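**Q** Got a structure for you, questions after.
Chains as they are written, first to last, in this note's numbering: chain A, 30 to 128; chain B, 39 to 797.
In structure tokens, the structure reads:
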């Protein structure tokens with residue numbers, strides 16, 4: 030079935046994205062992983078939209094793309110500022126908590 | 039005798055004011071809340087709210103008084119003018135309903151009008167008198183709450199609301215006496231007043247409880263009223279149902295409360311000390327309104343006292359004895375005071391004695407009339423004293439040190455003071471003559487000759503000490519501050535208002551209230567001018583409840599009729615409560631009282647006594663204070679050596695000595711010392727015991743309850759929070775990766791739960 034293959038692709042992409050968010054130390058890579066997660070959701074939405082013959086899923090996917098673009102914009106700006114301040118974009122070094 | 043039940047009764051008129059006069063205490067209560075919450079932010083610091091709310095009460099009280107007069111007019115000649123009663127259920131406990139409500143009758147409208155009227159004038163006066171005071175807003179708040187409390191007590195339908203108003207007044211009295219509490223003496227005076235009155239208040243609680251348990255059954259089954267209802271208690275007391283011991287106990291307990299509140303012997307000691315408060319407070323609370331609360335209580339529950347203490351019986355009763363002692367000792371003490379307000383305070387105590395004497399001797403109406411007239415002239419006297427200290431004597435009240443010769447500087451104050459003094463002394467045709475002479479006359483008319491003589495003696499003393507005070511204040515030469523001498527006061531609480539200057543008349547906000555009261559001090563006697571004949575006895579017509587049998591329209595359901603058995607009913611004896619000798623269906627709410635026939639011969643006797651008092655006192659005062667060497671003024675007071683040298687001067691000073699030392703200290707000294715001993719050892723002993731117990735209790739509460747239980751609970755909760763915090767702290771690592779992992783783990787778990795639940 031076509032849908033299940035879409036869903037499988039979505040699940041694989043989601044898992045890769047989650048792995049990236051958790052395991053990567055580079056902030057840019059984490060942002061990219063988040064993009065992966067969002068796009069896996071897009072694929073799911075499109076798959077269900079195709080199956081139901083409805084345009085709702087497409088609309089949502091378009092929204093998500095727009096929001097993802099904004100999110101990456103903000104995220105990259107933050108990364109840039111962090112880099113300017115610390116000369117590093119390693120996420121492990123960001124913590125200032127003590128105790 | 040008259041049988042109202044068989045007559046055709048005319049319908050009584052009502053009116054909006056009569057039905058809604060309960061708003062009179064409610065408006066100032068709201069005013070009090072506004073002053074306390076927002077007073078300091080208002081343009082006039084809250085005083086405008088106080089004055090406006092009391093003006094509203096005055097309008098309500100006046101409207102109610104007018105409509106009550108119409109109501110009386112609409113009744114038949116011997117018809118009972120039933121009070122306008124409205125009740126609301128307040129709360130319920132132990133099967134008893136506690137209601138609040140209004141009970142508007144003649145007595146209520148008289149006292150309500152007096153309270154609202156004088157409160158309004160005193161607040162206007164205070165606008166000027168307390169200008170710039172550091173607790174200006176609080177002063178107006180307390181003054182407004184006081185008026186609300188007094189009016190609530192006056193209109194009370196039952197003893198619960200009565201008690202509430204009574205206690206609010208006690209509290210406000212405490213707050214206002216201690217208004218300038220930075221001075222230790224003031225706060226001590228406030229405490230003394232509060233605790234002394236509280237001692238008496240125990241009697242009120244006991245009396246109310248005794249009455250409730252004794253009367254409740256009768257009132258519920260016969261009238262459908264609770265045992266707290268004033269109507270119910272009154273009817274019950276006259277029904278022949280009460281056990282004579284129970285009602286005696288109740289009457290004595292209630293009278294103890296009156297002794298405390300109305301400054302009767304031996305609990306009068308707080309009233310002169312209460313003069314530590316600002317003068318408007320003395321004028322309103324401690325002379326014209328609050329201290330008559332005790333008198334009002336006796337007048338309100340008169341049937342209880344009538345039956346319980348056998349008023350009009352052959353022997354004298356406790357009210358008359360206490361009142362007679364009070365009249366004499368207070369008047370004697372007034373002679374040795376140098377503080378003008380203390381003279382007036384003792385005078386108030388003595389006049390309250392007259393009111394009590396009237397009530398004890400069955401002269402109900404003259405006593406209520408004396409409340410009415412006394413309120414005006416005594417409030418006026420106090421406001422005059424305040425005007426003097428405000429504008430002439432640099433906030434001093436010492437007549438000997440800082441006053442004298444003020445009549446030229448303060449013409450309005452002097453005129454008002456003179457008029458009020460003549461009214462207080464009972465000079466015809468000023469108001470005090472009509473009320474006081476009526477009391478004395480009726481006491482004699484009811485057969486209590488001894489007490490009539492005491493009353494006449496009191497009138498002599500009153501005339502004498504008021505003449506002395508008038509001489510010291512307004513005549514002779516100016517002394518001390520009123521002569522323009524400046525001295526620094528250690529007391530900065532006073533120093534804040536008004537700059538010191540030479541004596542002058544006070545501003546309009548002070549003189550106008552004084553002038554209004556002075557006019558009333560002259561004319562208020564005409565409300566019940568017995569000498570001018572029956573047609574002038576308005577107050578008797580309007581205020582005195584009629585002793586007639588009422589077939590109750592609001593008794594417990596249709597067909598509820600019952601028989602009153604009259605206690606002293608014998609053949610042909612009309613001394614029974616309602617003036618009937620045979621049992622009749624119905625109830626009666628007021629005992630039948632006699633009214634002495636006015637005779638000019640008797641009035642002339644008392645007028646002669648008063649004029650003798652004025653003349654003798656004037657001669658002695660001008661000899662003692664006017665003509666003597668000015669260097670000796672201060673020395674003769676306390677210094678024995680100076681007094682010995684001073685004795686050697688002229689023969690007339692032996693008279694002075696007789697007057698100051700011989701008579702007064704020998705007569706009043708031992709009594710004062712005995713009262714002091716009683717105060718120090720008995721009253722203060724009780725107070726100290728209570729204080730020690732409270733301290734021990736406080737220590738126990740601190741150590742065992744506060745430290746162990748309360749603080750223990752606090753510490754335990756803090757410890758628990760700390761432990762939980764330490765446990766969950768590692769989660770907050772500050773690392774984005776961890777947070778992401780947690781987020782997704784939670785999402786995964788949530789997804790799992792979702793899948794398990796919905797598949």
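C-beta: ideal position from N, C-alpha, C; glycine also.
These numbers come from a predicted model, not from an experiment.
Assuming the contact rule is C-beta atoms closer than 8 Å, residue 491 of chain B and residue 408 of chain B should be a hit. Round their C-beta distance to whole Å, please.
**A** Position 453 of the second chain, counting from 1, holds the residue named residue 491 of chain B. Position 370 of the second chain, counting from 1, holds the residue named residue 408 of chain B. With a Cβ gap of about 18 Å, residue 491 of chain B and residue 408 of chain B do not count as contacting.
**Q** Any idea which residues DSSP pairs residue 119 of chain A with across the strands?
**A** Walking along the first chain from the start, residue 119 of chain A turns up at place 90. In the DSSP output, where bridge partners are listed per residue, residue 119 of chain A has A:55.
**Q** Can you give me the Cβ contacts of residue 149 of chain B inside the same chain, cut-off strictly under 7 Å, excluding the 5 residues immediately before and after it?
**A** Against the second chain, residue 149 of chain B aligns to sequence position 111. Closer than 7 Å at the Cβ level, and outside the excluded window around residue 149 of chain B, lie 192, 334 and 409.
**Q** Thinking C-beta only, is residue 65 of chain A closer than 8 Å to residue 39 of chain A?
**A** Within the first chain, residue 39 of chain A is the residue found at index 10, counting from 1. Within the first chain, residue 65 of chain A is the residue found at index 36, counting from 1. Not in contact: residue 39 of chain A and residue 65 of chain A (Cβ atoms no closer than 8 Å).
**Q** Which residues, in chain order, does the stretch 771–782 of chain B contribute to contact with chain A at a C-beta distance below 7 Å?
**A** 771, 772, 773, 774, 775, 778, 779 and 782
**Q** How far does the beta strand (DSSP E) with residue 141 of chain B in it reach, from first residue to last?
**A** The residue labelled residue 141 of chain B in the question sits at position 103 within the second chain. 134–142 is the span of the beta strand (DSSP E), which, as asked, contains residue 141 of chain B.
**Q** Could you check whether the Cβ of residue 124 of chain A sits closer than 8 Å to any Cβ belonging to chain B?
**A** Residue 124 of chain A sits at position 95 when you count from the first residue of the first chain. So yes, residue 124 of chain A belongs to the interface.
**Q** So, helix, strand or coil for residue 566 of chain B, using DSSP?
**A** By 1-based counting over the second chain, the position of residue 566 of chain B is 528. Three-state result, residue 566 of chain B: strand.
**Q** Could you tell me which chain B residues have their CB closer than 9 Å to the CB of residue 45 of chain A, listed as they occur along the chain?
**A** If you number the first chain from 1, residue 45 of chain A lands on position 16. Per Cβ cutoff of 9 Å: no residues; residue 45 of chain A is ~13 Å from chain B at best.
**Q** With distance defined between alpha-carbon atoms, name the residue in B:269, B:200 and B:89 nearest to residue 583 of chain B.
**A** Residue 583 of chain B sits at position 545 when you count from the first residue of the second chain. Considering only B:269, B:200 and B:89, the residue with the shortest C-alpha distance to residue 583 of chain B is B:269.
**Q** For residue 42 of chain A, decide whether its Cβ has a neighbour in chain B, counting only Cβ atoms nearer than 8 Å.
**A** Along the first chain, read from residue 1 onward, the residue named residue 42 of chain A stands at position 13. Not an interface residue.
**Q** Please compile the residues from chain B whose C-beta is within a distance smaller than 7 Å of the C-beta of residue 75 of chain A.
**A** In the first chain, counting from the first residue as 1, residue 75 of chain A sits at position 46. Chain B residues near residue 75 of chain A: none, gap ~20 Å exceeds 7 Å.
**Q** Quick check on residue 168 of chain B: buried or exposed, where buried means 16 or more other Cβ atoms within 10 Å of its Cβ?
**A** Residue mapping note: residue 168 of chain B aligns to position 130 of the second chain, counting from 1. Buried.
**Q** Tell me which residue opens and which closes the beta strand (DSSP E) that residue 130 of chain B is part of.
**A** Translated into positions along the second chain, residue 130 of chain B becomes position 92. Per DSSP, residue 130 of chain B belongs to the beta strand (DSSP E) from 122–131.
**Q** Can a CB atom of chain B be found closer than 8 Å to the CB of residue 120 of chain A?
**A** As a first step, residue 120 of chain A is located in the first chain; it is residue number 91 there, counting from the start. With 8 Å as the cut-off, residue 120 of chain A counts as an interface residue toward chain B.
**Q** Which whole runs of the alpha helix (DSSP H) in the stretch 60–114 of chain B are 4 residues long or more, in chain order?
**A** 61–76 and 85–112
**Q** So residue 51 of chain A contacts chain B; which residues on that side make the cut at Cβ distance below 9 Å?
**A** Here residue 51 of chain A refers to the residue found at position 22 of the first chain. Ordered by position in chain B, the residues that pass the 9 Å Cβ test against residue 51 of chain A are 775, 776, 778, 779 and 782.
**Q** I'd like the span of the alpha helix (DSSP H) that includes residue 441 of chain B, first residue to last.
**A** To locate residue 441 of chain B, count along the second chain from 1; it is residue 403. Element bounds for residue 441 of chain B: n/a, residue is neither H nor E.
**Q** Would you say residue 95 of chain B and residue 49 of chain B are within 8 Å of each other, going by their C-beta atoms?
**A** The sequence position of residue 95 of chain B within the second chain is 57, counting from 1. The sequence position of residue 49 of chain B within the second chain is 11, counting from 1. Cβ distance not < 8 Å, so residue 95 of chain B and residue 49 of chain B don't count as in contact.
**Q** Would you call the stretch 135–152 of chain B and the stretch 304–312 of chain B in contact, with 3 or more CB pairs under 8 Å?
**A** With a cut-off of 8 Å, the stretch 304–312 of chain B and the stretch 135–152 of chain B do not count as touching, because too few Cβ pairs lie within range.
**Q** I'd like to check one pair, residue 360 of chain B with residue 285 of chain B: are the Cβ atoms closer than 8 Å?
**A** As a first step, residue 285 of chain B must be located in the second chain, where it is residue number 247. As a first step, residue 360 of chain B must be located in the second chain, where it is residue number 322. Result no, Cβ atoms of residue 285 of chain B and residue 360 of chain B do not sit closer than 8 Å.
**Q** May I ask you to report which of helix, strand or coil DSSP gives residue 543 of chain B?
**A** Residue 543 of chain B sits at position 505 when you count from the first residue of the second chain. Residue 543 of chain B falls in the coil class under three-state DSSP.
**Q** Are the Cβ atoms of residue 70 of chain B and residue 158 of chain B separated by less than 8 Å?
**A** Along the second chain, one-based indexing puts residue 70 of chain B at 32. Along the second chain, one-based indexing puts residue 158 of chain B at 120. The answer is no: Cβ separation not under 8 Å.
**Q** Nearest by alpha-carbon distance to residue 451 of chain B: which of B:108, B:518 and B:545 is it?
**A** Reading the second chain from its first residue, position 413 is the one you call residue 451 of chain B. The shortest C-alpha separation from residue 451 of chain B is found at B:545.
**Q** Looking at the unbroken alpha helix (DSSP H) that takes in residue 172 of chain B, where does it start and where does it end?
**A** Stepping through the second chain from its first residue, residue 172 of chain B is reached at position 134. Note, residue 172 of chain B: premise wrong, no alpha helix (DSSP H); not H, not E.
**Q** Is it true that the stretch 310–319 of chain B meets the stretch 261–268 of chain B, where meeting means three or more beta-carbon pairs spaced less than 8 Å apart?
**A** no
**Q** Locate the alpha helix (DSSP H) running through residue 58 of chain B, then write down its first and last residues.
**A** Start at 1 with the first residue of the second chain, and residue 58 of chain B comes out as number 20. From DSSP, the alpha helix (DSSP H) with residue 58 of chain B extends over 54–58.
**Q** Answer with yes or no whether the minimum CB distance from residue 315 of chain B to chain D is below 8 Å.
**A** Checking the listed chains, one finds no chain D in this structure; the protein chains it contains are A and B.
**Q** Can you list, in chain order, the residues of its chain with a C-beta nearer than 8 Å to that of residue 271 of chain B? Leave out the 5 residues immediately preceding and following it.
**A** Within the second chain, numbered from 1, the residue matching residue 271 of chain B stands at position 233. The answer, listed in chain order, is 197, 249, 253, 257, 265, 339, 341 and 342.
**Q** How about residue 356 of chain B and residue 347 of chain B: do their beta carbons lie closer than 8 Å?
**A** As a working mapping, residue 356 of chain B is identified with position 318 in the second chain. As a working mapping, residue 347 of chain B is identified with position 309 in the second chain. Yes, these two residues count as a Cβ contact at 8 Å.
**Q** For residue 115 of chain A, does the count of other Cβ atoms within 10 angstroms reach 16, so buried, or fall short, so exposed?
**A** By one-based count along the first chain, residue 115 of chain A stands at place 86. Per the 10 Å Cβ criterion, exposed.
**Q** Per DSSP, residue 194 of chain B is paired with what?
**A** What you label residue 194 of chain B is simply residue 156 of the second chain in a count that begins at 1. Partner residues in the beta bridge of residue 194 of chain B, as assigned by DSSP, are B:140.
**Q** What did DSSP end up calling residue 348 of chain B once you bin it into helix, strand or coil?
**A** Within the second chain, residue 348 of chain B is the residue found at index 310, counting from 1. Of the three classes helix, strand and coil, the one that applies to residue 348 of chain B here is coil, per DSSP.
**Q** Give the range of the alpha helix (DSSP H) segment to which residue 308 of chain B is assigned.
**A** In the second chain, residue 308 of chain B corresponds to position 270, counting from 1. Segment 308–311, the alpha helix (DSSP H) holding residue 308 of chain B.
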